[in-house]
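Residues in the sequence shown are numbered from 0 upward in steps of one, following our numbering. A virtual CB, placed ideally from N, CA and C, is assigned to each residue, including glycine. Here the structure is a predicted model, which is why all the values come from computation and not from measurement.
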Amino acid sequence: MCKPVESPVATLVTLRTSAQPLAPQADPAAVAATVGDCALTYAELDRWSNRMARMLLNLGARPGTRVAIAGLPQLEAIVARAAITKTGAIAVPFTTEITASRVDFGITIKDERDAFGDTARWLVLDERSTLVQYLTGSDAPLSAAELHMARMAS
């Protein structure tokens with residue numbers, strides 16, 4: 000769970016760009032990201048992004064897949080970027096409808112979903128079905144077998 004901090008600015012410590020645990024050399028209890036009054040440790044970020052990465056794999060994320068990040072609160076965007084990286088996909092900021100036509104799918108929240116049209120499939124983080132899948136999913140590191148199966152499916 001997030002731990003309160005005093006900094007009102009969002010910060011993110013540099014993350015690895017692979018399916019491996021985030022910053023394995025770092026202390027798991029060290030702060031990886033802060034947003035407003037919330038601090039997320041490396042261990043929490045790793046677990047949260049593992050869950051989301053599995054959801055992305057189920058949706059079709061593969062190496063080279065373009066995944067838009069649109070209208071997410073800062074903390075969710077940080078977790079989404081880490082999850083996308085773990086799948087080998089490419090995070091793309093969503094800026095216009097042109098972006099939507101160039102992505103394979105996107106991640107957003109209900110309040111922002113209607114603004115993005117239907118040219119891409121969307122993982123809506125605060126929909127009930129997404130929350131249930133996320134909260135009941137495994138937070139263990141992605142296995143080589145999971146990543147291999149995802150690559151074979153593409």
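Are the CB atoms of residue j and residue i within a distance shorter than 7 angstroms?
i: T107; j: A69; result: yes
i: A31; j: Y41; result: yes
Measure the beta-carbon distance from residue i to residue j and round it to whole angstroms, keeping in mind my assumption that it falls under 8 angstroms.
i: R61; j: T86; result: 7 angstroms
i: S137; j: R53; result: 7 angstroms
i: G105; j: A143; result: Contact flag wrong, Cβ pair sits at about 27 angstroms.
i: L56; j: E145; result: 7 angstroms
i: L44; j: V78; result: 7 angstroms
Would you list the residues sitting across from residue i in a DSSP beta bridge?
i: P92; result: I68
i: W121; result: G105
Can you list, in chain order, the residues of its chain whose CB lies under 6 angstroms from that of residue i, leaving out five sequence neighbours each side?
i: I89; result: R65
i: A119; result: A99, V102, F104 and G105
i: A149; result: L56 and R61
I need the straight-line Cα distance from residue i to residue j, nearest angstrom please.
i: G59; j: A25; result: 30 angstroms
i: Y133; j: R50; result: 6 angstroms
i: T84; j: L141; result: 12 angstroms
i: L122; j: P92; result: 15 angstroms
i: R127; j: K109; result: 10 angstroms
i: M151; j: A29; result: 36 angstroms
i: G63; j: H147; result: 14 angstroms
i: T94; j: P27; result: 34 angstroms
i: A114; j: L71; result: 13 angstroms
i: A76; j: L39; result: 13 angstroms
Taking only beta-carbon positions, decide if residue i is within less than 7 angstroms of chain B.
i: D125; result: Judged by its chain identifiers, the structure shown contains no chain B, having just a single protein chain.
Below 7 angstroms CB to CB, which residues in the same chain sit around residue i once its five sequence neighbours on both sides are set aside?
i: D125; result: I108 and K109
i: A139; result: N49
i: D117; result: none
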